Structure formats: structure tokens, C-alpha cells
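Heads up: the structure comes next, in C-alpha cells.
Residue numbers (the working numbering), protein chains in the order written: chain A, 59 to 188; chain B, 205 to 588; chain C, 919 to 1266; chain D, 2 to 542.
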């Protein structure tokens, strides 16, 4: 009987854990992608060309300079890939960055900062629901 | 006054036709309507695949209470409500994809268990009229559901997503988009044959449920349910807790219906908060009955025959109506009529048969006794 | 004392007591939130007159042991047919109304007969089958409304084509013929619908009188104990059929009075759920699945209509949102579920 | 200490009353290991109560338990549920089948005690999610059935089985229980053919040899004599005699069963009444009344006679009246005053002037939730249009409550019905007064022939003689022919001119009330051949 109680309690705990992990991996985050000039620590990076953007292997589309786009992603670990585009032709110059988000976080990613290898290319923000 | 012939029995062919009259009539109807509708084969197969994967789970949820002798469980509406509450929560929390759907199932399970338990208790108090009670219970709980979702959510139950809340700040909107989990299960294993999406994921889940049901019948609980279903008194006399067994069958059915509704809605992709569940019971039951099931006997086979026949009729009838007298409306009314009519007809047929069979059984026993007497009394010279 | 209260609760039933106090509190609260009590009561009376006969129509079937008539829609269909045929024939005023009633009764007798035969074949399962017979006949009639060859321009769709409209105005035919008959006006708010109430009273009297005749007595016995009735030489099946016909006929009259007062004939899916409020009202009045009296009809119809009228106005004023629909669903269906789960004393 | 070895079961001074009604008085019964006891007794002798006490039937405890002690297997026991009794090793085969018709023989044998295989899900959801061990079930079922030596297919559905095989399935269930030490068989042969009954007898002996004790209840005396070691005769709640088959004969058993002393004042008017005209002639009547089957019965009743029908419960005596009155499906020919009546049509029978006081008072006899005056007047209103007023030239037959009440008051006075007034509900009356009400209902029809079934069942002694007096009164004053069916032989002998004893759905014999009690007993026990039949009061027709 004791064995059963332990098994049942474990099962409930496991189910709750599964619930929490489903919540984490299924949570949708909004990631804003800016192709705009930005000043970080006194240095200003300018946007000068169009980029094609993928988030988590999903094509977001072309971002001309000064533009902003939104990606909706689920889960905690993500990858952003940008590739320089000239006259709608990909140049092959790729940048790839990985980032992690907590369950209630959204993020703004700045393309010029990535291109220039600035440290603060991502700005995470707590969103307590909408 | 009818002549009482104590030894009359029923013709087996007539019996077969009466047993399967519903599927036979619907099959004839469909056979007549398909050419009339002029629908292409591909469209037809596509629609049928969708409907098969969308509805089968819900209909399978009906099987276990039939086994326990509680008839068609009109109370699966309660399970559907539980599923919808789960979906409202995951939509509010912005949980997407397969994890979102699974989480919705996980959250709604305890709700479904509670509702099923409640329904089981109510139905135990209404022995002999489980069906009409289950049906009214569905209506009653719909009122409670409205109070909770329309007035409680956003007020007492925290809901923050303005996309699903009514502009007044509480209560859930009439329709909410389930875009985040739309067809995530159907497309989990992507496969297309000739341009038709085959929802392998969902079909696998349905197959698993079928295996579960077959397995369940072999368990002690399954056997107890069959016993209870056949004869309450004998089951009780042999020490089975009849009430508890009946409640369990309803709980299982409610939980399955809850999953069924989530699967149904992930396929559709939007949810009519206050209407999606209303007709769940009617359509599922009508389909099962069209498949040749009766109040006392239903199998997995009936489920699939039923889904195919019933939904073929659903796809075909508006078009056939239009071709026939130029009004698509006619076909739509027609399929509503068939849904209700099939249930009315099957239930009436079953109730009538129950009486006839009792009478037949009596005659059989009587005839047997006569023979017995004749054999025992051969010395007495009695001639019959 | 405690025992006594317990007994009362047991006999009257907790839901009824709750609903009764709910209604009383609504009436008490009404003036507080600024609703005129006289208008409210007047509303209740008007709606009582409209719906009372539908509630009354359930009585014969309960008396004969056929249970609650969830197949009420059959009678409604007869009534609707009477209404549209009388309008098609351009019959107006009292004559028009009674013509509609006459046609409706004729159809109701035929439908009721077959319905009764069916219910005799399925003794013990009357309620669930009746429910779906009701539903399927409504949906079948939807098709009929589309294809029956009615011509009156007041009834068919304006933009050509065949088929009746979903709602047909009775203005100009027999709108309010009963309601306005001997109408009493007190001030500007209170209009007492004498004709409707008189008509309702008359039908109540007729039903009461019916159960004082030999045949009515037999019917009562069939409902109380069918085995007893059979052993006394009563043709149980025949009695049940008569009760079903009677119920169907009264329903048909009931829906005509409803439409006459309401002003519109509602076709298509409108009658689908009409059985439930009537059943709930009867149960609220103290009837059970197996026992009923005219008193139950009157009390029930009044209480039920009271709740329907009072909840929207009072509740809306208090919490500023319209919960009345949900409350109506909970009250009426809850009442039915409660009655179904009570162990009826009638032998099955 | 010796007794512990010797006796498996010892019932010591067991008494039981139901609300003051003594049904068992100081019963001492012992059963040795491997012994076969035959239990014989009339209805109401206390056989079933005794077995219910042994089997821990909850009804016993709900009505206040019993007095005395029961020792089983050396320990004192007091079972509160049949499951306790089964666990202790008491098996019982009931008269009515406890079988699920849609299940196979195997499934029925193992009803709710199926062998199971472990399944891990049971850790989560409880034992009931273990799987059935079908192989083991089948193996054990076959083993149990082999013991019976009949070809029983373990996979056959019960509802497809011949009736006799259902009985074997039930016995197999008890055989399979390894720990069964004593088996109670309640009328196991009632539905069997003779060859099948022989098999049962053989099995009983076989079980006894294996050390299982058997208590065998049967109304077929020959069977009891054939296979029992000891015969216990119960009468009026106490053990009348213990007999050994080798040292007794059927006459002796029958005598002990019905009692040998003559009924005092058997008839006030001692002289044998003479009747001329035949009023009812029954020819080859079959009645399908559950539990009271009538198989091709023929008899005649004379006008003015009181005709008794007796016999043990379940043998069909009740079926005769119910069948003729059209309440249960019947076949055959019944002539009333020379004309055939239509069977299965209560109305026709009532209209011809017959009436019925049913044994099922609360079910068939009364409208419990209606006032007394309805109950009395209703049938007469239906059949003869009494108590109605014609209105509108006869279109409407208005119920005349006043006339109904007037008549009711007459009957209340005549039959001394104790009630508040004529508007009291029938439910509120005592059993005896309800019975008078049923009779008043029948008298209100002014019948020429009246069936009265079990007129004194469940009513107290004072009311009993009153009820019988009423019957006498109507019989002598109005010349009403009465056919009285009763389980109480004494009552029949006290009242009737002739008494027919029904056994296995047929009339075993017709005797005058003055016949020796043992003769009645022999007829009830299926020993027709040993009784010299008395056909009619007048001799043969």
C-alpha cells in the first residue's frame, strides 16, 4: 500500500513537472528585430543595408534599413541568423547569434549591433503578459 | 386482442434488417446523394479524412458507458467544456504548438474528472433514465459554464490576454482563435498523398485510443463494467460496487471527451466559446448509431463505419439539396433532421426491441418447458 | 422543529425553496434599484397568460404515466400549421384565430395519435425518445416550411423564391384578439389581459373536468398503477394514446395563444427548445415525473415567468451586466435534472 | 471437544422473528462433514429464513438479527453479509439464477472473483486495472465442469444454453471455490429434466465423498429420499423431526411436513354440501406467469362451491387465477357458465361476472396513492358504468363521487375496515384492512365467481379469521362461487369444499377437506401415485 502511495505521489509530481516544462517550452515570446541605428555605450552603429532574417530556421523576411519586424517564437533557446542582401540578392555574409529567454521575457534584437559584433545586441524585457 | 402464440420466434433475415436498419437506410441515402451532389472524388476524400481524424476520438469516448449499461452518454458535453476551459487557459498564457495542446489536455484533465464524477453521481440517482438525464445535465452545465466563462473569467479567474477577453474587461469573447495550436497534432508527422494532408499524428492518437479500449475490456474493471452493464442486481450480489463502477465509466468517458474536443478544435483552429460544445453529444451519438451501434452494444467498428457514413452525408447533403431543388439550406436542414432523426429512431427501435425480445425470450422458455414436460410425461400419454 | 423544517425541505424540494426565495428577493430588490413593481407584476401576468397553456398541456401525459412531454414540439408544429394556414386563407379577427385553432386541433389529433402509438411501443423510455422525436420533427418541418406551397405575400420571403419567413407578423390577422378582449387598463402601465387569462382559466377548467369523468379517472389510474388499471379491465394503451392526443391538442392551442399575444409566428428552429421551459415551469410548481395537478400548473407558470421577467431587469441593475440568460438556463434545466434524479414513487 | 471434530455446522437454538412474527423457534441443526441433509417443509415453514441466517443475508440483520448461536468449523460465527459467509466456506446455489445472460459459462463461474494477472497500471489506478487471466479461468472452469460429467462448453453464452445447463454452470461456480465446506442447494432440480436431475444427485454424492457437506432443499420427495443421509422436516418454524431415508417412507415424511392432527372444527356445517351446476370449466390451460407456471391444467368448479387451490410456492397455483383473469399470457379453454371466455382480456372476464382478489395486493390490487373510495369503486365504474352520471345525453360520463362514497361507507361498515374516513389513502391502511379493501373492490362488482388468492398472507391472526368469515358470509348469503388459492393448507381445509393440490404446474390431485393431512403432503411432494384421488364431491362426471 505504501508503495502505491509513493508511486501515485511521484506520478502527480511528474505530471506537474511535465506541465511546467510544457509551459516553458511552449511559451510564446515576441522578438522584435530592428534594422535601425543604435547607440550603445557612446558608440553609434548605423543601419546601412537590407538583411534577410531567420529566427529558429523560420524565415522572417527582408528587413530594409530603418525597418522593424516581429518574430513569435516558442521555448527558451533560440537562434537568429541574418544575411546581407544587396539588390535582393544574398551576398553570403551571414551572422548567427544564439540567445535564451525566460518564460515571461520578450526581446529586441538590433541588427547593426550584431553586424558590428557589439555586446549588447539584444535587449531582454520582462513582459508580465499582455 | 392479439393471439398469443407461445412459440413464435423471429425470422433471422428480418431480425438482421431491423438490427442494422439505421446504417442500411443511411447507406442507401448516401449512395443516392453522392452522384447527385457532383462532388469530385478528391474533394470528397479530403473532407472525409479531415472529418475522420477530427471526430473519431469524440465518438470513441462514448463506448465505455455503453459497456457499463448506461446507454449513450449525452454527458460528454461536460468533457468538451472541460477541454475548452483548458484551451482558454493556454491561449491566455500564450503557450503554443504541441506543448500548448498537451498542456491544455493536462490542465483540463482534473476538471474533466471532477465533472465526470459529478455527472456519474447524478446519473446514478436517475437509474433507468440515464440518457434523458445526461442530456438535461449537459444543458444545465452549459448554464454553469456560461456563468464561469462569461462572468467569472477575468473577474475571479485571472485572464490577462486582451485578445480573448471581451472589451468590457471580463468574460471570454464569443470566438477565440487557436492559431497557436492549429493543426499541430495533425501536422506533427507531415505527410501528403496526392495533395491531401494525411493527419498521421492524430490518426496515431486515435489508434492508440482504440488499443486502449481493447485493452481496457480485458481488465478487471472492464469486466466489472460489462457485468454491471448486463445486470445491476447480479453484479451487486456478486460483490461489485455497482455505483462506483458506473461513476468510473462516466469519468473515463468525460476525460476522453475532453481530449476529443481538444483534438477537434486543434483541427478547426478557432473555438466558439459558447457553442462549440453544444452539439458535440448529438453529433457523436448520431454518428455512432449510424455505425450500427445500439444503446446496449457499441464497438470500435461501429465508430468508424459511423464516422464515414454520417460525415459523408454531412458533406454531401447541402450540395445534393442544392442540386435537387436549388436550395442549399434544404440540405442543411436535412442533415440536422437526420442527426436528430437517427437518434430518435435508434432509441425508439431499441426500446421497442427490448420489449419484443423479452417477449421472445419468454416464449422460448415456455416452449422449452413444454418440450420438457412432454418428455417427462410420456407415460401420461399427454399429446400436445 | 428541526425535523419539521427538514420534512418541509424534503417534501417541497430544496431547489424549489431556493428559487422561491430568489424570486422573493428579486421582488424586494426591484424597488430598491428603481424598477417599478407594478410594471413588473403586470409583465409577469401577461407572460403568465402567454405561456400558461403550454405548461397545462403537459398535464394529461404526466397523469397517464407517460412522463414529462419532452416532445412538446409536435403540438407546436400543429399549432404553427394552423397559424400559417389561417393566414394563408386571409382569416382575420376572432374568426381567424378560431379557424387557426380548429385546423391546429385537427392536425394535433392526427400527430398525437401516431405519437401515442409510438410511445406505447417504447414504454419506460418515453422521455428520451420524446425529446428526439420533438427535435427531429422540428427539423423536418424546417424542410417543409421551405417547400410547402404557401403564397401569401405576408409570409413568404420578399425577394421572391419559395419558402416561409422565419417570423411572420400576425398584425392584421388575429394579433391580440384574446389579449385585447375585455382588456382592463389601470393607469398607463397596467394592462390586464383579461381575454388571455379567461381563456387559460377555461382550459384549466376543461382539463380539471376531464379528469372528473369516467375516462379521465381511468387515465389517472393508468398513471398511478398501470397493472392495477389493466386488472380492472382498462385498456392501458388506449388511455395513454388519448392522453397523448390531449396533450398535443392543448399544446397546439397553447402556441397559438402565445403567438396571438406575442405578435409573431416563429418558424424553423424557433420551437426547438420550447419543451424545456414549459417542463421546468411545471416542475417548479411542485409536480414530479409521476404526479401533477392543475395547482402545479398555475403556481409553476407564475413562478417561472416571474423569474424570467424579474432577473434581467433586477440583476442588470445590480451588476450592470446581463446574466439573465445564463440564470434562466441554470434554473430551468437544473429544475429538470433535479426532478429526474428524484426517485419517483410510481412503480415502473 | 469431540463435537468440534464431528460437526461442521451446528445451529444452536436459533430463533428469529420479523416484527413480532415468529418464523423460527429454537431450531437445532447439526451437519457433519460430508453429510447430505435434506430439508423439507411447507412454504413459511422457515426453510429460507434458516438458510438466510446461515448465509448472512443482510435482511436478517436489518430486521434485528436472530437469537441463538451458530458454530461453523469449530468457531462461533455471525455473518453480516453473504460475502463473509462465502469467505468462511459456505456456498449457495439459489433458486433463481445468478447468472449474466450475455456472458460465457466461464465468465459466470468467475463472476467478480476472476483470477488476475499483475499489471503495472494497477499501482496508479488500483487493483481493478489488473488484467483477467483468461487462460487460468478457462482451465479452472473446465476442471469444475468435468466434475459434473456433463458436456458443458466453457465458451457458451448463458442465454444460448438450455435451462438445465444454466443450473450446472451455477453449481460449477460453487465447485470451483476450493474452500467451500458446505453447499446449500435450493431447489436445484426444479428446472431440470429427469436425466439432468440424476446428474445433480450424483454430483451431490460425489461432493459428499470429497468431504463437502450439502444441505439439499427440494419439494421432490423422491430425490430427497434418494440422495440424502438425513432428512430434516421443518414445520411452523421448528424442526418437526429428523428422519433417515433408510428407516422411513414418504407417507411419514409428508405427515410430519403438514402435521398429523386434524383441524379442529373443520367446517361449521359438517355435512357435505351438494352442488349441481358447473359454473367454470377449465380445459388444458397453460399460463406463463413467471415463477408460477401453469402447465395444461383441467378442472371444474360447481356453482356455489368454495374451491381451494393449494400447493407449494412456485408450483403454479397462483398462475391459475392470474391466467384466467387475463393478467398473464394464457392458452387453453375456459368456459364460464357454458360459454368460452376470451383469455388475456381482463375486461371480458370481469364483464362476465368474475372478480379477482389478487395476491399482489400492493402491486396489482390497490391504488396506494388514491383514496379508499376510488379503490373500491373504480373497477365497478369501469366494468358496469356504476357511479357515473351521464351528461349531455351520454357523451360525457361524469364521475359521481357522492355515489362512490356512499357505497364505500357501506363496505367500510360491512367489512369493518378500520380507517379515518373514506378519503384516506390506501397506503396508510394496515395489511388486513388493505386486504378487506381488495375484497370490497371485488364485491362491488357483485360477481358470480370470485378468485381469491392468498387472502390471509401478511395479515395478523385476528384479521385472518375475519377475512375468511367474510368469504363464508358472501358464499352462503349470495351464493358466490369462490376459488381460493392459498399456501396455508389449514386455511383451505377450514374453508373449502374441495381442495386441488398443484405440483409442477399441474393438478396432482383433488381432495376433500376431510382427507388425511399426509395425503395433501404427498401430493405436494410429488408422490401422486400414493394417494387415492377424490375427484369431485359428486363422484365422476
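Glycine included, C-beta positions come from ideal geometry on N, C-alpha and C. This structure is a prediction, so every number in the text was calculated from the model and none was measured.
Continuous beta strand (DSSP E) stretch holding residue i: start and end
i: residue 400/D; result: 397–400
i: residue 32/D; result: 22–33
i: residue 337/D; result: 331–337
i: residue 941/C; result: Element bounds for residue 941/C: not the beta strand (DSSP E) but the alpha helix (DSSP H), 932–950.
i: residue 236/D; result: 231–236
i: residue 475/B; result: 474–476
Beta carbon of residue i nearer than 8 Å to that of residue j
i: residue 502/B; j: residue 266/B; result: yes
i: residue 990/C; j: residue 1162/C; result: no
i: residue 554/B; j: residue 498/B; result: yes
i: residue 12/D; j: residue 30/D; result: yes
i: residue 347/D; j: residue 366/D; result: no
i: residue 45/D; j: residue 181/D; result: no
i: residue 360/D; j: residue 313/D; result: no
i: residue 73/D; j: residue 60/D; result: no
i: residue 1199/C; j: residue 996/C; result: no
i: residue 461/B; j: residue 262/B; result: yes
Reference residue i, options the options, closest by Cα
i: residue 449/D; options: 494/D, 497/D, 152/D, 355/D; result: 355/D
i: residue 454/B; options: 293/B, 275/B, 403/B; result: 275/B
i: residue 1006/C; options: 1074/C, 1050/C, 1118/C; result: 1074/C
i: residue 411/B; options: 249/B, 365/B, 505/B; result: 505/B
i: residue 429/D; options: 24/D, 363/D, 202/D, 293/D; result: 363/D
i: residue 83/A; options: 126/A, 134/A, 130/A; result: 134/A
i: residue 111/D; options: 431/B, 529/B, 407/B; result: 431/B
i: residue 170/D; options: 151/D, 289/D, 187/D, 185/D; result: 151/D
i: residue 163/D; options: 197/D, 145/D, 442/D; result: 197/D
i: residue 1096/C; options: 1052/C, 1008/C, 1014/C; result: 1014/C
i: residue 402/D; options: 495/D, 493/D, 414/D, 372/D; result: 372/D
i: residue 238/B; options: 528/B, 547/B, 564/B; result: 528/B
i: residue 1176/C; options: 1093/C, 1051/C, 1084/C, 1190/C; result: 1093/C
i: residue 85/D; options: 421/D, 75/D, 100/D, 56/D; result: 56/D
i: residue 1049/C; options: 1062/C, 986/C, 1091/C, 1088/C; result: 986/C
i: residue 434/D; options: 447/D, 420/D, 443/D; result: 420/D
First and last residue of the uninterrupted alpha helix (DSSP H) at residue i
i: residue 1044/C; result: 1044–1065
i: residue 663/B; result: Chain B is shown only over 205 to 588; residue 663/B falls outside these bounds and no answer can be derived.
i: residue 92/A; result: Element bounds for residue 92/A: not the alpha helix (DSSP H) but the beta strand (DSSP E), 86–92.
i: residue 296/B; result: 280–297
i: residue 1112/C; result: 1112–1128
i: residue 1075/C; result: No alpha helix (DSSP H) contains residue 1075/C, which DSSP labels as neither H nor E.
i: residue 167/D; result: 164–177
i: residue 249/B; result: 245–264
Rounded distance between the beta-carbons of residue j and residue i, thought under 8 Å
i: residue 215/D; j: residue 208/D; result: 6 Å
i: residue 486/B; j: residue 543/B; result: 6 Å
i: residue 456/B; j: residue 268/B; result: 5 Å
i: residue 78/D; j: residue 523/D; result: Contact doesn't hold; Cβ gap of about 37 Å is too wide.
Whole alpha helix (DSSP H) runs in the region 1140–1227 of chain C with 4 or more residues, listed along the chain? Runs of the alpha helix (DSSP H) inside the region 1140–1227 of chain C: 1144–1149, 1154–1180, 1193–1202.
Quick check on the DSSP output: what are the complete alpha helix (DSSP H) runs of length 4 or more inside the region 458–521 of chain B, in order along the chain? Runs of the alpha helix (DSSP H) inside the region 458–521 of chain B: 484–494.
Every unbroken alpha helix (DSSP H) within the region 32–62 of chain D, with a cutoff of 4 residues, ordered by chain: Listed in chain order, the alpha helix (DSSP H) runs fully inside the region 32–62 of chain D are 48–55, counting runs of at least 4 residues.
Taking only runs of the alpha helix (DSSP H) that begin and end inside the region 307–382 of chain D, which ones reach a length of at least 4 residues, in chain order? 318–325, 347–352
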